[in-house]
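K.L.:
Take a look at the following structure, please.
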Ligand SMILES: Cc1cc2nc3c(=O)[nH]c(=O)nc-3n(C[C@H](O)[C@H](O)[C@H](O)COP(=O)(O)OP(=O)(O)OC[C@H]3O[C@@H](n4cnc5c(N)ncnc54)[C@H](O)[C@@H]3O)c2cc1C
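Numbering (the working numbering), first residue to last: 222 to 428.
Structural data, given as structure tokens:
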């Protein structure tokens with residue numbers, strides 16, 4: 222669970238953490254960005270006419286990522302399901318708002334930037350208060366031992382190095398279709414490229 226939620230635990234775990242100020246302060250220093258996901262579902266098998274299956278959006282103030290998820294998962298014949306993720310700034314500014322208001326603003330914005338898309342049959346808006354780590358645990362230990370006996374370890378993305386990559390070109394082929402992924406090659410951080418990558422991104426070679 223995210224480090225801030227470890228600190229919300231009560232009982233013996235919380236007591237144990239309090240015993241060691243360096244652990245408590247370390248956990249307090251872990252910071253995450255927040256993000257909304259907006260999912261659009263369609264009942265019928267209709268074509269969403271876009272030249273990409275998944276796309277990192279560089280020039281929008283609200284959405285950062287969009288995927289025609291059934292196509293991304295190599296199910297082009299299924300009724301479409303579209304997933305959009307908001308930007309870090311939008312998450313920061315809107316995290317405390319009522320989710321129905323956010324959903325309605327996001328839907329309006331989808332209509333603005335993708336005016337040709339049909340009206341979805343079902344919409345789900347999901348808030349991720351703790352989405353991606355911005356500041357990891359000091360020293361990036363990978364894990365910490367909260368208690369020796371019985372052994373209790375805290376680990377996960379909050380305790381590891383940030384794996385953000387800046388390269389000039391990244392080729393990731395879709396293993397199912399062998400088509401090239403459609404992220405633009407513009408020298409910006411290709412964070413989305415790490416999503417299904419089983420190794421540290423440092424193993425990717427710029428071409
Ligand atoms: C919307 C979104 C988009 C993202 N995009 C990217 C991206 O493009 N690229 C990228 O590299 N990363 C991305 N991330 C971040 C990535 O998902 C996380 O960094 C990664 O999943 C963290 O792995 P983890 O094992 O630390 O934690 P998690 O994957 O969150 O695993 C924690 C597990 O603990 C379980 N758990 C929680 N509480 C308890 C409990 N009390 N008892 C038992 N089990 C519990 C949860 O169910 C979960 O299975 C994204 C995250 C979000 C939310």
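Glycine included, every Cβ here is placed at the ideal spot set by N, Cα and C. Being a predicted model, the structure only gives us computed values, none of them experimental.
Following the continuous alpha helix (DSSP H) through residue 235, name the residue where it begins and the one where it ends.
P.N.:
233-240
K.L.:
Please confirm whether any heavy atom of ligand 1 lies closer than 6 Å to the CB of residue 378.
P.N.:
yes
K.L.:
What are the partner residues of residue 375, as DSSP defines its beta bridges?
P.N.:
365
K.L.:
May I ask you to check if the CB of residue 375 is nearer than 6 Å to at least one heavy atom of ligand 1?
P.N.:
Incorrect: residue 375 has no Cβ contact closer than 6 Å to ligand 1.
K.L.:
Measure the beta-carbon distance from residue 223 to residue 351 and round it to whole angstroms, keeping in mind my assumption that it falls under 8 Å.
P.N.:
4 Å
K.L.:
Considering only C-alpha positions, which residue in the set 354, 358, 324 and 349 is nearest to residue 343?
P.N.:
That would be 324, whose Cα lies nearest to the Cα of residue 343.
K.L.:
Starting from residue 166, follow its DSSP beta bridges and name the residues at the other end.
P.N.:
With the chain covering only 222 through 428, there is no way to say anything about residue 166.
K.L.:
Alpha carbon to alpha carbon, how far is residue 232 from residue 246? Give it in angstroms, no decimals.
P.N.:
18 Å
K.L.:
Count the other C-beta atoms from every protein chain shown that fall within 10 angstroms of the C-beta of residue 255, then say buried if there are 16 or more, exposed otherwise.
P.N.:
buried
K.L.:
In chain order, what residues of the same chain lie with their CB nearer than 7 Å to the CB of residue 356, ignoring the 5 residues before and after it?
P.N.:
250, 251 and 252
K.L.:
Can you tell me the Cα-Cα spacing of residue 298 and residue 292, whole angstroms?
P.N.:
For residue 298 and residue 292, the distance between alpha carbons rounds to 8 Å.
K.L.:
Quick one: what does DSSP say residue 265 is sitting in, helix, strand or coil?
P.N.:
Coil, per DSSP.
K.L.:
Would you be able to state if there are at least three C-beta pairs under 8 Å between the segment 311-322 and the segment 357-376?
P.N.:
no
K.L.:
Using a Cβ-Cβ cut-off of 6 Å (strictly less than) and excluding sequence neighbours within five positions of residue 349, which residues of its own chain qualify?
P.N.:
256
K.L.:
Let me know the secondary structure DSSP gives residue 251 once reduced to three states.
P.N.:
coil
K.L.:
Please report how far the alpha carbon of residue 241 lies from the alpha carbon of residue 353, in whole angstroms.
P.N.:
26 Å
K.L.:
Can you give me the start and stop residues for the alpha helix (DSSP H) that residue 229 sits inside?
P.N.:
Segment: none, residue 229 is in no alpha helix (DSSP H) and carries neither H nor E.
K.L.:
Quick one, which of 289, 381, 226 and 285 has its alpha-carbon nearest residue 274's?
P.N.:
289
K.L.:
Identify, in the order they occur along the chain, each residue of the same chain with its Cβ nearer than 8 Å to the Cβ of residue 403, setting aside the five sequence neighbours on each side.
P.N.:
Bear in mind that a pLDDT of 43 at residue 403, under 50, signals an unreliable position, so the number given afterwards is only what the model happens to contain. Hits under 8 Å: 272, 273, 274, 275 and 276.
K.L.:
Throw me the rounded Cβ distance for the residue 302 and residue 346 pair, which I believe falls under 8 Å.
P.N.:
14 Å between Cβ atoms; not a contact.
K.L.:
Going by C-alpha to C-alpha distance, which of 248, 321 and 286 sits closest to residue 334?
P.N.:
286
K.L.:
Suppose you measure from the CA of residue 332 to the CA of residue 282; what does that come to, to the nearest Å?
P.N.:
15 Å
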